[in-house]
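First residue of the sequence shown: 306, per the numbering used here; consecutive thereafter. Right, one structure below, let's go through it.
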Amino acid sequence: MNGEPPPSPPPRWLTLRLGSGCMLAVIAVLALSPQEIGGWDRSTFTSAHFWTRCGSSLIVLTIALTFSVCLALSAELLSSRLGSRSRGLLACCGRALACAPVAALAWGFVGLWIGRHGGPVETLMPVELPLAENVWQTGLARMLWEFLAPALLLAIPLTGELIHGVISDAPMTPALDLALRARGIPTAFIVWRHRLRQLLPVAGVHLRALCLIAPVYLIVVEDVLRFMGWGGWMAQSLRGSEGHPVILGLIGGGGMVVVLLGAARIVFGRALPAGGKMSGLAWQPWLLWALACMAAMPGSPPWLVIWFAVLLAGSADWHRTWLKIEKRLPLEAARVIGGSAWRIWWRHLARAQARFLVALISAALARALIWIAVACAVRPAWVEELSPPLARWLRPLAISTSHGAAAALTDPSPVLEAGGVIALASLCLIQVSRIIQPRAT
């Protein structure tokens with residue numbers, strides 16, 4: 306999330322850790338489900354229909370992530386040539402774009418593109434052509450648009466996350482422009498040969514972090530567009546609270562995350578592994594696991610479950626940031642001159658810890674608000690379990706009936722207004738976190 310510190314490098318044996326996390330999530334769903342789950346239906350697990358859905362969703366995820374990486378790298382290269390002000394403006398635009406609820410983006414796209422302009426979407430309203438024009442080129446175009454519509458919609462929040470992450474971390478790379486220009490190397494060669502090579506590892510770390518949350522965004526997008534993929538399967542399973550479909554969805558989602566991380570390693574190279582238990586704990590798709598556990602516990606409060614998932618997902622990043630801040634404090638000098646432990650804490654640690662805690666809570670609240678909007682869009686019944694003010698904000702995004710879908714198709718303004726309120730509240734919390742957080746330098 307763009308309100309948090311940069312993601313820590315992935316731990317060693319990340320694939321094995323993800324597989325272990327998936328097995329633990331399956332066990333948790335089995336233990337928490339109130340329904341007695343009978344024998345395992347092997348035909349469903351081995352059916353080509355389910356794995357075809359997973360393959361279709363994997364294609365959509367790959368297109369969306371590729372598009373987001375290309376736009377983020379282009380935005381950083383453009384901002385580096387325009388100056389520091391344009392860099393800050395583009396980073397702010399990325400933060401605002403990442404705060405937009407994906408449900409509001411999806412229903413707004415459906416209402417504006419289909420309802421107002423009458424545009425085609427193959428899974429909802431396919432274009433009608435005369436029989437004479439139904440040639441193989443038309444079939445290919447239909448198939449491409451069927452995959453491109455959810456992929457481009459999914460790429461919007463992912464692009465915002467990557468633009469902010471890449472632009473914020475790019476100044477930490479070595480500045481070689483002046484030295485290379487002094488040697489007479491052309492500007493185009495510097496950009497494509499040196500600058501882009503420096504940015505690829507930065508984008509790779511952020512892309513790996515996005516692979517953990519992109520499948521949850523995909524659930525909402527596929528459910529709104531009625532795309533026949535893993536996300537649609539998972540949305541129906543979460544609404545039904547049935548054991549076998551949710552477990553299959555967890556296995557399929559974990560497999561897609563593993564494949565995406567393996568592809569990222571091939572393209573961007575092997576990232577420097579991070580040590581410590583906190584990093585291994587944080588690099589899990591906690592939001593996907595949280596949705597499955599919430600579906601297994603019908604009476605669970607969505608706020609608390611997502612809050613803990615957000616804290617676990619960002620634990621390693623915040624822990625690493627605090628260690629950097631603590632190293633900059635004059636603690637050893639205070640001990641040398643004979644300061645007591647209480648005085649050292651009061652004079653040097655208390656203020657930094659208070660600011661750090663407020664920044665952490667503000668960023669976690671912003672992220673939790675966005676993910677609660679995602680959860681309520683997946684399962685609208687969860688809206689009734691929230692507090693009245695929050696439920697009033699999120700209710701336009703929780704469309705559960707055909708009448709509500711028809712109303713959003715006719716007039717998407719309530720959905721867009723609710724999404725704008727949530728995005729503005731999240732952006733304000735993120736800005737508070739960025740202002741209050743003590744710096745490590």
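Note that beta-carbon positions come from the ideal geometry of N, C-alpha and C, so glycine has one too. Predicted model, so just to flag it, every value in this text is computed and none were measured.
The C-beta distance from S738 to S667 rounds to 4 Å, short enough to meet the 8 Å contact threshold.
From the listed residues A678, H708, A712, S707, the smallest Cα separation to W698 is found for A678. If you check the CB distance, A680 and L596 come in under 8 Å.
Taken in chain order, the whole alpha helix (DSSP H) runs of length 4 or more contained in the stretch 642-716 are 646-649, 655-683, 693-699, 707-715. With a threshold of 16 other beta carbon atoms within 10 Å, P406 meets it and is buried.
Taking a C-beta distance under 8 Å as the contact criterion, L586 and A621 qualify as a contact pair. In this structure E466 is buried. Its beta-carbon is surrounded by 16 or more other beta-carbon atoms within 10 angstroms.
With a cutoff of 8 Å on beta-carbon distance, M539 and G554 are scored as near each other. Per DSSP, the unbroken alpha helix (DSSP H) holding F372 starts and ends at 353-387. DSSP places V426 within a strand segment (E or B) once states are collapsed to three. Non-local C-beta neighbours of A673 in its own chain, meaning closer than 6 Å and more than five positions away in sequence, comprise I611, W612, V615, ordered along the chain. The alpha-carbon separation between F573 and V683 amounts to approximately 33 Å.
DSSP places V510 inside the alpha helix (DSSP H), whose first and last residues are 501-515. Pairing M430 with R656, the inter-Cα distance amounts to about 57 Å. Across the set L337, L417, C404, the C-alpha of C404 shows the shortest separation from the C-alpha of I675. Cβ neighbours of L410 within its own chain (closer than 6 Å, five residues either side excluded): I461.
Setting aside the 5 residues that flank it on each side, C359 is surrounded in the same chain by G534, W535, G557, G560, M561, each with a C-beta closer than 8 Å to its C-beta; the list follows chain order. For S705 and V529, the gap between their C-alpha atoms comes out near 11 Å.
Between V415 and L702, the CB-CB gap reaches or exceeds 8 Å. For V641 and L654, the gap between their C-alpha atoms comes out near 16 Å. With respect to the C-alpha of A712, the residue from I419, A369, I368, R386 having the closest C-alpha is I419. Judged by DSSP secondary structure, P719 falls within the alpha helix (DSSP H) whose first and last residues are 718-741. Put simply, of S379, R386, E690 the residue whose alpha carbon is nearest the alpha carbon of G399 is S379. In chain order, I649, H653 place their CB closer than 7 Å to the CB of L636, counting only its own chain and leaving out the 5 sequence neighbours on each side. Contact annotation, P694 with H511: C-beta distance approximately 33 Å; criterion of less than 8 Å not satisfied. With contacts defined as CB atoms closer than 8 Å, A456 and A569 fail to qualify as a contacting pair. For a cut-off of 8 Å, the C-beta gap from A377 to V471 is around 5 Å, short enough to register as a contact. A Cβ-Cβ contact shorter than 8 Å links L523 with L366.
For H549 and L387, the gap between their C-alpha atoms comes out near 54 Å. Bounds of any alpha helix (DSSP H) do not take in F532, whose DSSP letter is neither H nor E. Between R660 and I727, the gap from beta carbon to beta carbon reaches 8 Å or more.
Going by beta carbons, L565 and E381 fall outside the 8 Å limit. Spatial neighbours of W450 in its own chain (CB-CB distance under 8 Å, excluding positions within 5 residues in sequence) are listed in chain order as P425, V426, E427. In the DSSP assignment, V610 falls within the alpha helix (DSSP H) that extends over 607-618.
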